[in-house]
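Residue numbers (the numbering used here): 1388 to 1704.
See below for the structure under consideration.
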Amino acid sequence: MSAITERIDNITRIPPEFQKARLPAPKSVKIEISPRCNYRCGFCALRTREVQPKWDMDFDLFKRITREMREAGVEEIGVFYLGESFMNPRLLVDCIRYLKGELRMPYVFLTSNASMSFPEAVEECMKAGLDSLKWSVNAADEAQFEDIMGVSGRLFERALENIKAARAVRDAGGYRTGLYASSIRYDGDQQAKMETLLDARVRPYVDQHYWLPLYSMGAFATQRERELGYRPTAGNQGRIGALREPLPCWSAFTEGHVTAEGRLSACCFDATSHWTMGDLNKVSFMDAWNSEGFVKLREAHLRRDVRGTVCEQCIAY
């Protein structure tokens, strides 16, 4: 089982053959199974949506676009994008089963906040062949959880219980799913508080834990972030220990991002379809991946000058 950080670094690193405007299929694509989430995190791009969606991705659309992706050469599919995929566990399991059974997708991965990942649903994901399940753990106690996630502190304990239960499910069933966790490294004494929690409640139940910077989530440096007292980093620079330069942004070159309505986005934090490069309801995945708009945007990134593009307002610049 390879370390999850190696896979992450292989995606955030733009290899020479991908340092051009027109590209082969990306190795990895994230697909928004559900755009819904039961958290209201102060740092998340989902907060920029004026109306939160109440629907999920159409399964027939999912099957068509992932078949196109596999035929084009995609090797890794994330069954999530911005929302919480365990909001619709039945669809989630069906998607994993289709990817691993019908398409023989080499690697299928998922990130979750753990609060809705009850043991029964987790086991069905593991049975379906899920390769990687990563937990996002970003609060040290219930009070901080309520401040940052914007929901009841009861979900804090539930998430930690589900993380522990998932390890027991995997061990009892002998499943091959890798279990991982990441945490945002905030300013001040947050890291020390987090270390205590992680050592007691998270690290014993995962194969690897790693740290992330506080992303700006598409450059929306809001009053909420200032209230929380946390300063975001420029764009998405990857994980701490292997940070990448903001330009060119790897998100537009090495990984695809598809919203629940089927739009291919150039940004890994696009909750408002502002960075749409193609509608997969109308065009094929590769046609959208190398659409005129996407090619021109990549050209600007390669020049390290994104003035006049949809990326101009990113906090990185």
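For each residue, glycine too, the CB sits at the ideal point set by N, CA and C.
*Where Pro1619 sits in the DSSP three-state scheme*: Here residue 1619 corresponds to residue number 232 of the sequence shown, with the count starting at 1. Below a pLDDT of 50, predicted positions are generally treated as unreliable, and Pro1619, at 44, falls in that range; the measurement from the model is reported next regardless. Coil.
*Candidates Pro1493, Leu1490, Val1538 and Ser1502: closest to Cys1428 by CA position*: As a working mapping, residue 1428 is identified with position 41 in the sequence shown. For Cys1428, the nearest C-alpha among the options comes from Val1538.
*Return yes when the Cβ of His1596 is within less than 8 Å of the Cβ of Ala1568, no when it is not.*
One-based indexing of the sequence shown puts residue 1568 at position 181. One-based indexing of the sequence shown puts residue 1596 at position 209. Yes.
_If you follow the alpha helix (DSSP H) that Glu1463 is in, where does it begin and where does it stop?_
Here residue 1463 refers to the residue found at position 76 when the sequence shown is read from its first residue. Bounds of any alpha helix (DSSP H) do not take in Glu1463; it lies within the beta strand (DSSP E) bounded by Glu1463 to Gly1465.
_Proximity of Trp1662 and Ser1652 at Cβ, strictly below 8 Å_ = For the purposes of this step, residue 1662 is taken as the residue at position 275 of the sequence shown. For the purposes of this step, residue 1652 is taken as the residue at position 265 of the sequence shown. The Cβ atoms of Trp1662 and Ser1652 lie closer than 8 Å to each other.
_Start-end ranges of the beta strand (DSSP E) lying completely within the segment 1457-1498, minimum 3 residues_ = Every beta strand (DSSP E) of 3 residues or more that sits fully in the segment 1457-1498 is shown, in chain order, as 1463-1465.
*Thinking just about the alpha-carbon of each residue, which of Leu1547, Arg1394, Lys1407 and Lys1450 is nearest to the one in Lys1683?*
Position 296 of the sequence shown, counting from 1, holds the residue named residue 1683. Nearest C-alpha to Lys1683: Lys1407.
*So, are the CB atoms of Leu1566 and Tyr1592 less than 8 Å apart?*
On the sequence shown, position 179 is the one that residue 1566 refers to. On the sequence shown, position 205 is the one that residue 1592 refers to. Their beta carbons are under 8 Å apart, which means Leu1566 touches Tyr1592 by this criterion.
*Check each candidate in Phe1505, Glu1455, Val1466 and Met1474 and name the one with the smallest Cα separation from Leu1490.*
Position 103 of the sequence shown holds residue 1490. Per the Cα distances, Glu1455.
*Under three-state DSSP, which class holds Thr1583?*
Taking the first residue of the sequence shown as 1, we reach residue 1583 at position 196. In the three-state DSSP reduction, Thr1583 falls in the helix class (H, G or I).
_Does the structure place the segment 1519-1535 close enough to the segment 1570-1587 that three or more beta carbon pairs sit under 8 Å?_
These segments touch.
*Beta-carbon separation of Gly1465 and Leu1517 under 8 Å?*
Within the sequence shown, numbered from 1, the residue matching residue 1465 stands at position 78. Within the sequence shown, numbered from 1, the residue matching residue 1517 stands at position 130. It is not a contact, given that the beta carbons lie outside the stated cut-off.
*Could you check what DSSP says for Glu1612 in three-state terms: helix, strand or coil?*
As a first step, residue 1612 is located in the sequence shown; it is residue number 225 there, counting from the start. Any answer about Glu1612 is weak, because its pLDDT of 48 lies below 50 and its placement is not dependable; what the coordinates show is given next. The DSSP-derived three-state label of Glu1612 is helix.
*Between the segment 1441-1460 and the segment 1501-1508, are three or more C-beta pairs nearer than 8 Å?*
In short, these stretches do not touch, since the Cβ pair count stays below three.
*Are Asp1443 and Ala1658 touching if we call contact CB-CB under 8 Å?*
Looking up residue 1443 in the sequence shown gives position 56. Looking up residue 1658 in the sequence shown gives position 271. No, Cβ-Cβ distance for Asp1443 and Ala1658 is not below 8 Å.
*Which residues in the same chain have their Cβ closer than 7 Å to the Cβ of Ile1401, if we skip the five residues on either side of it in sequence?*
Numbered from 1 along the sequence shown, position 14 holds the residue referred to as residue 1401. Closer than 7 Å at Cβ, skipping near neighbours: Pro1635, Trp1637, Phe1640 and Thr1641.
*asked:* Just to confirm before moving on: does the CB-CB distance between Pro1413 and Val1461 stay below 8 Å?
replied: In the sequence shown, the residue the question calls residue 1413 occupies position 26. In the sequence shown, the residue the question calls residue 1461 occupies position 74. Going by beta carbons, Pro1413 and Val1461 fall inside the 8 Å limit.
*Excluding five sequence neighbours on each side, which residues of the same chain lie with their C-beta closer than 6 Å to the C-beta of Pro1506?*
Within the sequence shown, numbered from 1, the residue matching residue 1506 stands at position 119. Answer for Pro1506: Ala1552 and Val1556, listed in chain order.
_Let's see if you can read the secondary structure: which residues bound the alpha helix (DSSP H) around Leu1547?_
In the sequence shown, the residue the question calls residue 1547 occupies position 160. Start and end: Arg1541 to Gly1560.
*Measure the alpha-carbon distance for Glu1510 versus Arg1563 and round it to whole angstroms.*
Position 123 of the sequence shown, counted from the start, is the residue given in the question as residue 1510. Position 176 of the sequence shown, counted from the start, is the residue given in the question as residue 1563. Distance between the alpha carbons of Glu1510 and Arg1563 is about 11 Å.
*Looking at the structure shown, is Asp1666 part of a helix, part of a strand, or coil, going by DSSP?*
Along the sequence shown, one-based indexing puts residue 1666 at 279. Reduced to three states, the DSSP call for Asp1666 is strand.
*Which residues does DSSP pair with His1706 in a beta bridge?*
Beyond the ends of the chain as shown, which are 1388 and 1704, falls residue 1706; an answer cannot be given.
*Which residues DSSP lists as bridging Tyr1597, in chain order*: Here residue 1597 refers to the residue found at position 210 of the sequence shown. The beta-bridge partner set that DSSP reports for Tyr1597 consists of Ser1569.
*Please state whether DSSP places Glu1507 in a helix, a strand or coil.*
The residue given as residue 1507 occupies position 120 in the sequence shown. Secondary structure at Glu1507: helix, using DSSP grouped into helix, strand and coil.
*What's the gap between the Cα of Met1536 and the Cα of Tyr1426?*
Translated into positions along the sequence shown, residue 1536 becomes position 149. Translated into positions along the sequence shown, residue 1426 becomes position 39. Roughly 6 Å separates the two Cα atoms.
*asked:* Measuring only the C-alpha atoms, how far is Cys1701 from Gly1649?
replied: Here residue 1701 refers to the residue found at position 314 when the sequence shown is read from its first residue. Here residue 1649 refers to the residue found at position 262 when the sequence shown is read from its first residue. One C-alpha to the other measures close to 24 Å.
*Can a CB atom of chain C be found closer than 8 Å to the CB of Thr1583?*
Annotation note: the requested chain C is absent from the structure, which comprises a single protein chain.
*Is the beta carbon of Phe1467 less than 8 Å from the beta carbon of Glu1419?*
Numbered from its first residue, the sequence shown carries residue 1467 at position 80. Numbered from its first residue, the sequence shown carries residue 1419 at position 32. Yes, Cβ-Cβ distance for Phe1467 and Glu1419 is below 8 Å.
*Kindly indicate which three-state DSSP category Val1693 falls into: helix, strand or coil?*
Position 306 of the sequence shown, counted from the start, is the residue given in the question as residue 1693. Three-state result, Val1693: coil.
*For my contact list, Leu1599 and Arg1572 are in at a C-beta cut-off of 8 Å; report their separation, rounded to the angstrom.*
Numbered from its first residue, the sequence shown carries residue 1599 at position 212. Numbered from its first residue, the sequence shown carries residue 1572 at position 185. Between Arg1572 and Leu1599 the Cβ distance is about 7 Å, and since that is below 8 Å, they are a contact.
*Identify, in the order they occur along the chain, each residue of the same chain with its Cβ nearer than 6 Å to the Cβ of Pro1422, setting aside the five sequence neighbours on each side.*
On the sequence shown, residue 1422 is found 35 positions in, with the first residue counted as 1. The residues are Pro1440, Gly1470 and Ala1647.
*Please determine, among Asp1481, Pro1633 and Met1664, the residue with the shortest C-alpha to C-alpha distance to Val1645.*
What you label residue 1645 is simply residue 258 of the sequence shown in a count that begins at 1. For Val1645, the nearest C-alpha among the options comes from Met1664.
*Could you pull out every residue in the same chain whose Cβ sits closer than 6 Å to the Cβ of Glu1533, ignoring the five residues on either side in sequence?*
For the purposes of this step, residue 1533 is taken as residue 146 along the sequence shown, with counting starting at 1. Cβ within range, chain order: Gly1540.
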